[in-house]
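Residues 1 to 546 in the working numbering are what the sequence shown spells out, letter by letter. Ideal Cβ positions, reconstructed from N, Cα and C, are used throughout, including at glycine. Written out below as structure tokens is the structure these notes cover.
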Amino acid sequence: MDDILLAQKEPFSLQQKNILTATLKRMGLIIAPEKVQDTSPWKYLGWKITDSLIQPQKLAIQSDIRTRNDAQKLMGELQWIRPVVGIPNELLNQLRPLLRGTDPATPVKLTEKHRQILQQLASLIMTCVTHRRIPDIPLDLTILCGSQYLMGAITQQKIKTGERGGETVVLEWISPPLQPRRTIQEKIATLAELIVKGRNRILQVDGVPQNMIWLPMKPRDLEWYIQNSEELQTALLQDGATIVAKTLQSTALSWMENQRWITKPKRSFSPLENAVTVFTDAGKCSRTAAVVWQDERGWNHHILQARDKDSLQTLELFAVVWAFVKWKYVPLNVVSDSLYVVGIANRIEDSALRDIKNERLAELLISLQIAIAQRSEPYAVIHIRSHQWGEGLGEGNARADQLVAATATEAPLSSFTRAREAHAIFHQNAKGLARAYHLSRADAQAIVKACPTCSHHNSGVGLGVGTNPRGLKANDIWQMDVTHVPAFGRLKYLHVTIDTYSHMIWATPQPGEKVRDVRRHLTSCFAVMGVPRTIKTDNGPAYVSG
């Protein structure tokens with residue numbers, strides 16, 4: 001045990017000190033008299049505590065970083081003092097690349113930017129303090145908005161005699177995690193998490209909810225967010241605390257010079273009027289993306305070539321980024337048939353991004369976020385179902401789709417060839433082939449008779465008994481049978497089901513071949529594979545009676 005903290009409202013009397021010393025001695029803990037601290041400042045677990053303030057004892061940080069182990073120790077120390085010093089994520093995130101890797105002896109090199117960050121951190125540690133709680137004044141939860149990230153604080157309003165207003169003092173800083181929970185986490189979601197975290201902390205230390213919640217928002221923006229964010233509704237509308245939509249001005253917060261407002265996003269949930277409307281699409285085979293728009297001169301387009309690391313999703317995103325960069329200063333509607341891209345574009349405006357291993361995706365996400373931040377006009381990103389129609393919005397989508405479609409390099413196949421290839425897969429009868437591919441009956445019968453599977457049945461007209469056609473879609477036709485595997489012991493009856501379209505197989509060992517065993521096997525199949533239209537079996541007793 002390093003330190004023992006004993007506290008009460010009134011100073012400890014000599015009698016109380018003697019009783020405490022004797023009691024601890026009986027429990028086997030002997031305290032040297034010279035180590036007892038009964039006057040300010042008190043030093044406890046690395047903190048220096050005065051009558052009104054708390055600050056770290058160690059006011060210097062290790063700036064001579066040579067190995068990854070040194071960087072790890074530094075980050076650990078900074079995380080430990082954050083509740084008192086209030087270090088924003090803007091600074092810590094710029095040091096996180098020093099931690100990448102698993103070898104603690106790996107040398108790391110500090111850049112000039114890293115050294116500037118360390119100087120800022122040293123200045124914060126020297127100047128920032130938290131206050132001890134003022135009795136009989138309720139606790140508030142204050143949220144601050146920095147240049148990129150949010151911070152929370154447990155605060156009190158210190159009322160001075162003869163003055164109408166009060167000074168805000170910070171009792172403890174509350175920080176969001178360095179890495180957001182989601183790949184793209186909106187700022188309002190982080191705000192809701194921070195409010196919940198702060199409320200729980202106040203309940204933990206005080207036993208009652210906070211008195212007020214200070215939010216860095218203007219009233220009209222707060223009203224909009226409450227109407228459109230379920231997470232913020234859940235975080236705020238619980239314990240009846242007073243919500244104040246304004247930023248705090250206090251000497252305790254003066255170090256946070258770039259406080260900002262959380263504002264309503266430029267994004268619109270509905271299409272904008274009198275705006276440029278662009279359509280985007282990408283082709284996997286052609287390795288291109290297209291942006292299509294219409295003006296007074298007619299339809300226009302721009303083709304983007306894929307890079308080596310581009311996938312279909314990043315190509316779609318590339319087209320949207322290009323559109324946002326080109327039309328920065330006008331209202332913009334972006335129409336895409338990719339739900340993935342629409343979801344990203346509608347969430348990324350003020351979001352925090354997790355570390356992404358895909359370098360190309362990370363590059364595009366950052367580019368899109370910067371392009372949206374530079375916009376001065378609203379925008380809307382709309383999803384459209386592809387290949388549904390060729391009029392209205394569908395016309396623009398169809399034009400983009402045609403531009404990225406892979407160009408055919410081979411001559412079209414004849415009806416006879418297509419029918420023969422189809423029969424090799426599905427084994428249709430002659431009548432079905434003739435109707436589907438507009439063949440003469442003689443040509444259709446010739447295809448069936450030439451098939452090695454079908455030519456032995458019904459005089460070459462089509463499949464006979466014992467041969468099942470392949471299903472036309474998943475869960476169309478199943479084939480089921482039982483095989484014996486003696487190595488399985490009591491469960492040697494292996495019931496096997498195969499989907500004839502997807503070739504998915506599901507097998508379960510059963511103790512027999514009776515109806516109850518078949519039902520048990522099918523119940524398992526339905527849970528895993530779904531429910532089929534038709535099940536083909538042999539004429540076994542369990543199948544016939546079931």
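Check	Outcome
Please report the distance separating the alpha-carbon of HIS383 from that of ALA323.	15 Å
Starting from the Cα of ALA430, find the closest Cα among PHE279, ALA444 and LEU439 and give me that residue.	ALA444
Hey, out of ALA442, THR314, VAL278 and PRO56, whose CA is closest to HIS302's CA?	VAL278
Since ALA245 and PRO219 should fall inside the 8 Å C-beta cutoff, what is the C-beta to C-beta distance between them, to a whole number of angstroms?	5 Å
Please state if the CB of LEU439 and the CB of ALA419 are separated by a distance shorter than 8 Å.	yes
If we ignore side chains and look at the alpha-carbon of each, how far apart do ASN200 and ASP239 end up?	12 Å
Use the C-beta contact count for GLN8: other C-beta atoms within 10 angstroms, 16 or more gives buried, fewer gives exposed.	exposed
What residues are listed by DSSP as bridge partners for VAL278?	TRP293 and VAL334
Taking 8 Å as the threshold (C-beta atoms), are LEU139 and ILE195 in contact?	no
What does GLU223 pair with, by DSSP beta-bridge criteria?	DSSP, once it has assigned bridges, lists no residue as partnering GLU223.
Count the other CB atoms, across all protein chains shown, that sit within 10 Å of the CB of TRP563; report buried if there are 16 or more and exposed otherwise.	Residue 563 falls outside the range modelled here, since the chain spans only 1 to 546, and no answer is possible.
Measure the C-alpha to C-alpha separation of ILE134 and SER175 and round it to an integer number of angstroms.	23 Å
In terms of alpha-carbon separation, which member of ALA60, TRP42, LEU59 and GLN62 lies closest to LEU53?	TRP42
Please name the residue, chosen from ARG470, THR155, LEU110 and VAL170, that lies closest to THR453 on a Cα-to-Cα basis.	ARG470
Starting from the C-beta of PRO104, find all residues in its chain whose C-beta is less than 8 Å away, skip the five residues before and the five after it, and write them out in chain order.	THR67, ARG68, ASN69 and GLN72
Are there 16 or more other CB atoms within 10 angstroms of the CB of LYS187, so buried, or fewer, so exposed?	buried
Quick check: the Cα distance between TRP255 and TYR149, rounded to an integer number of angstroms?	Low per-residue confidence applies at TRP255: pLDDT is 49, beneath 50, and the placement is therefore not dependable, though the value from the model is reported in the following sentence. Taking the straight line from one Cα to the other gives about 15 Å.
As a quick exercise: from LEU413, ARG267 and GLY298, pick the residue whose alpha carbon is nearest that of VAL342.	ARG267
Just checking, does the region 296-310 make contact with the region 330-340 on the three C-beta pairs under 8 Å criterion?	no
Between which residues of its own chain and VAL321 is the CB-CB distance below 8 Å, once the five residues before and five after are set aside?	LEU364, SER367, LEU368 and ALA371
With 8 Å as the threshold, decide whether the Cβ of VAL515 is near any Cβ in chain C.	Of the protein chains in this structure there is only one, and it is not chain C.
Since HIS521 contacts HIS503 with CB under 8 Å, what's their CB separation in whole angstroms?	Incorrect: roughly 18 Å between the Cβ atoms, too far for contact.
Can you round the beta-carbon distance between LEU29 and ASP3 to whole angstroms, since I take them to be within the 8 Å contact cut?	Wrong, their Cβ atoms sit about 12 Å apart, outside the cutoff.
By the 10 Å Cβ neighbour count, where 16 or more other Cβ atoms means buried, how is GLY462 classified, buried or exposed?	Low local confidence applies: a pLDDT of 48 at GLY462 is under 50, so the model's placement there is unreliable, and no value is given.
If you draw a straight line from the alpha carbon of GLU535 to that of PHE526, how long is it in whole angstroms?	For the sequence presented, residue 535 should be read as Ile rather than Glu. When rounded, the distance between both Cα atoms is 12 Å.
Is VAL531 helix, strand or coil when you go by DSSP?	coil
Please return the same chain residues whose Cβ sits closer than 7 Å to the Cβ of MET212, not counting the five positions on each side in sequence.	ASP140, ALA241, THR242 and VAL244
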